[in-house]
Amino acid sequence: MKNFRLGRWHKWLKRCLALLLGAILFSQAGFVRAQSNRLVNGDAAVVAQTHEITEGNRLLQEGAQLYAESTEPSLRRAIEVLQQASQWFHRAGIQEHEAIALARIGVTYHRLWAINQEHDDLLKQALVYADRALPLVSEENQDLRAKILHTIGAIYGDLN
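Just so we're aligned, residue 210 is where the sequence shown starts under this note's numbering, counting upward by one.
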């Protein structure tokens, strides 16, 4: 009986951790918006880049809303939307914004796994995206690096 309770507690703790990590990474939207507001100065290249960043930010917000619903269909849709956001940021050449989108994809896959723990391939996908995000973050942005590393650690913990 004690092992059964411990197992249920462990499963509950994993789900809470996945939700917490999601909330932390999705809170980076304010940072992304602040960065994009600094780029407007009238130059055509910057205006084009600003459009890409604005579209990427819109998609990040949409992904955050879908993630918050926490249903399997909404999480799958959030992954699609966040992939589009990462592509917009990639085209704009804004690596840290791209890293945020990729990290959120990883967190979303992790949350999707927490809902249905029978599919370890979801954890592997979460790890792929979190691993892709880390090298895009500058050494100076220790906060974002720490969040991504924490996500990677949580995923590895669930893989075992």
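C-beta atoms are modelled at their ideal positions from N, C-alpha and C, and glycine is treated no differently.
Only counting the same chain, and skipping five residues up and downstream in sequence, which positions put a Cβ closer than 6 Å to that of residue i?
i: Ile361; result: Ala339
i: Ala335; result: Gly315, Tyr318, His319, Ile364
i: Leu343; result: Ile357
Checking 8 Å against the spacing of the C-beta atoms, do residue i and residue j come in under that value?
i: Ala294; j: Ala312; result: no
i: Ser279; j: Arg341; result: no
i: Glu305; j: Leu275; result: no
So, helix, strand or coil for residue i, using DSSP?
i: Asn350; result: coil
i: Ser315; result: One point to set straight first is that residue 315 is Gly, not Ser, in the sequence displayed. Here Gly315 sits in helix by DSSP.
i: Asn325; result: coil
i: Thr259; result: helix
i: Ser283; result: helix
i: Ile309; result: helix
i: Gly302; result: coil
i: Asn369; result: coil
For residue i and residue j, which I take to be in contact (beta-carbon distance under 8 Å), what is that distance rounded to the nearest angstrom?
i: Ala301; j: Ile262; result: 5 Å
Leaving out five residues before and five after residue i in sequence, what residues of the same chain have Cβ atoms less than 8 Å from its Cβ?
i: His299; result: Glu307
i: Leu332; result: Tyr318, His319, Trp322, Ile364, Asp367, Leu368
i: Asn350; result: Glu305
Leaving aside the five residues before and after residue i along the sequence, list all residues of the same chain whose C-beta is less than 7 Å from its C-beta, in chain order.
i: His328; result: Trp322
i: Ala287; result: Gly272, Leu275, Tyr276, Thr317
i: Ser347; result: Glu305
Check your understanding: Can we say the region 263-274 touches the region 285-293, given the rule of at least three CB pairs closer than 8 Å?
Key -> yes
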